[in-house]
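Enquirer: Under the working numbering, the residue at position 25 of the sequence shown is numbered 26, and the numbers go up by one with no gaps.
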Amino acid sequence: EVVSADLPFLGADTVHRLLAALRDSDADGAMLTDDDGRDQPLVAAYRTASLRDALAGLATEHAERGGQGGLTGLPLRRLTGALRLTRITDPLASFDCDTWEDIAHARARIREHGHVLNEWITAVKNELGIELDVDTRVLLDAARDVAHGVARPAAPLTTFLIGYAAAQGKGDPASIAEASAKVADLAIRWEAEHSGGGSAPDAG
2 EVVSADLPFL GADTVHRLLA ALRDSDADGA MLTDDDGRDQ PLVAAYRTAS
52 LRDALAGLAT EHAERGGQGG LTGLPLRRLT GALRLTRITD PLASFDCDTW
102 EDIAHARARI REHGHVLNEW ITAVKNELGI ELDVDTRVLL DAARDVAHGV
152 ARPAAPLTTF LIGYAAAQGK GDPASIAEAS AKVADLAIRW EAEHSGGGSA
202 PDAG
């Protein structure tokens, strides 16, 4: 497993998704990409044997072409291009900081996700008279899976239905978590059944 140090929004859930994707396939690795399809080869899970074979093959090819100094200085895409990879798209987790402008943008997003959301949820609960500790991360994860696997407009509608389903049960955080997990699994199945191996449709 390889993890870059310049992705402030990369979390354990994305790492687990990469590992699961690798386990569930016969690919040489599972790699993270952004919404535009740009690869993040330093955020990936690779099979050790496949990586060693590719490195050995690249070293042989480089030497046969008269290359000096081993593999130093060669672009990483020369290595990943020799591997069979499965890709996972996550626009937030794949956001990397290459410039000071990127860092400023990341800090703004951290403030947004870390404080504004909590303040807004508290205000909404007060306005609607709801007394419930909502795990926003669970809901956001489910919304993300639906947005990527189905269509972006489906995300808010789905979170509404999750809340409605939870209310039909005990209406507690456990009910929300259970409904969110079911929806996340459904989104994965939906994408597999309807995408035909391509990207999910985007109606937004």
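Glycine included, C-beta positions come from ideal geometry on N, C-alpha and C.
Could you check what DSSP says for A83 in three-state terms: helix, strand or coil?
Expert: Stepping through the sequence shown from its first residue, residue 83 is reached at position 82. In this structure, A83 counts as coil in the three-state DSSP scheme.
Enquirer: Quick check: the region 134-143 against the region 98-112, are there 3 or more CB pairs under 8 Å?
Expert: no
Enquirer: Kindly indicate which three-state DSSP category L93 falls into: helix, strand or coil?
Expert: Translated into the one-based positions of the sequence shown, residue 93 becomes position 92. In this structure, L93 counts as coil in the three-state DSSP scheme.
Enquirer: Which first and last residues belong to the beta strand (DSSP E) in which D29 is found?
Expert: Indexing the sequence shown from 1 puts residue 29 at position 28. It is not in any beta strand (DSSP E) - D29 carries neither H nor E in the DSSP assignment.
Enquirer: Just confirm the distance between the C-beta atoms of A94 and G150, as a whole number of angstroms; I'd bet it's less than 8 Å.
Expert: Here residue 94 refers to the residue found at position 93 when the sequence shown is read from its first residue. Here residue 150 refers to the residue found at position 149 when the sequence shown is read from its first residue. Contact doesn't hold; Cβ gap of about 16 Å is too wide.
Enquirer: Per DSSP, L158 forms a beta bridge with which residues?
Expert: Sequence index remark: in the sequence shown, residue 158 carries index 157 (1-based). Bridge partners of L158: none, in fact.
Enquirer: What's the call for D186, buried or exposed, on a 16-neighbour Cβ count within 10 Å?
Expert: Along the sequence shown, read from residue 1 onward, the residue named residue 186 stands at position 185. So D186 counts as exposed.
Enquirer: Helix, strand or coil for V44, going by three-state DSSP, please let me know.
Expert: Numbered from its first residue, the sequence shown carries residue 44 at position 43. DSSP places V44 in strand when its eight states are reduced to three.
Enquirer: Label E192 either buried or exposed according to how many other C-beta atoms from any shown protein chain fall within 10 Å of its C-beta, with 16 as the threshold for buried.
Expert: By 1-based counting over the sequence shown, the position of residue 192 is 191. Counting Cβ neighbours within 10 Å, E192 comes out buried, since at least 16 surround it.
Enquirer: Among S5, F10 and A6, which one has its Cα closest to the Cα of L108?
Expert: Translated into the one-based positions of the sequence shown, residue 108 becomes position 107. Correcting the residue type first, residue 108 is Arg in the shown sequence and not Leu. For the residues S5, F10 and A6, the minimum Cα distance to R108 belongs to F10.
Enquirer: Since V147 contacts V184 with CB under 8 Å, what's their CB separation in whole angstroms?
Expert: Taking the first residue of the sequence shown as 1, we reach residue 147 at position 146. Taking the first residue of the sequence shown as 1, we reach residue 184 at position 183. Yes, V147 and V184 are in contact; Cβ-Cβ is about 7 Å, under 8 Å.
Enquirer: Taking DSSP as the reference, what is the three-state secondary structure of R1?
Expert: Residue 1 is absent from the structure shown; the chain starts at 2 and stops at 205.
Enquirer: I'd like to check one pair, A46 with L77: are the Cβ atoms closer than 8 Å?
Expert: The sequence position of residue 77 within the sequence shown is 76, counting from 1. The sequence position of residue 46 within the sequence shown is 45, counting from 1. The beta carbons of L77 and A46 sit no closer together than 8 Å.
Enquirer: Give the straight-line distance between the Cα atoms of L133 and L84, rounded to the nearest whole angstrom.
Expert: Working through the sequence shown from its first residue, we reach residue 133 at position 132. Working through the sequence shown from its first residue, we reach residue 84 at position 83. Using only the alpha carbons, I get a separation of about 48 Å.
Enquirer: Just to confirm the assignment, what range does the alpha helix (DSSP H) spanning K183 have?
Expert: Locating residue 183 in the sequence shown gives position 182, counting from the first residue. Looking at the DSSP string, the run of the alpha helix (DSSP H) that includes K183 is P174 to H195.
Enquirer: So what does DSSP say about L75, is it helix, strand or coil?
Expert: Mapped onto the sequence shown, residue 75 falls at position 74. Correct three-state label for L75: coil.
Enquirer: Specify the secondary structure class of L8 as computed by DSSP and reduced to three states.
Expert: Counting from one through the sequence shown, the residue named residue 8 turns up at place 7. It is coil, neither helix nor strand.
Enquirer: For V16 and L72, what's the separation of their Cα atoms in angstroms?
Expert: What you label residue 16 is simply residue 15 of the sequence shown in a count that begins at 1. What you label residue 72 is simply residue 71 of the sequence shown in a count that begins at 1. Those two C-alpha atoms are separated by around 28 Å.
Enquirer: Pull up the distance between the alpha-carbon of A13 and that of S196, whole angstroms please.
Expert: Stepping through the sequence shown from its first residue, residue 13 is reached at position 12. Stepping through the sequence shown from its first residue, residue 196 is reached at position 195. Their Cα atoms are separated by approximately 26 Å.
Enquirer: What do you get for T159, buried or exposed, if any count of 16 or more other CB atoms within 10 angstroms of its CB means buried?
Expert: In the sequence shown, counting from the first residue as 1, residue 159 sits at position 158. Buried, since its Cβ has 16 or more Cβ neighbours within 10 Å.
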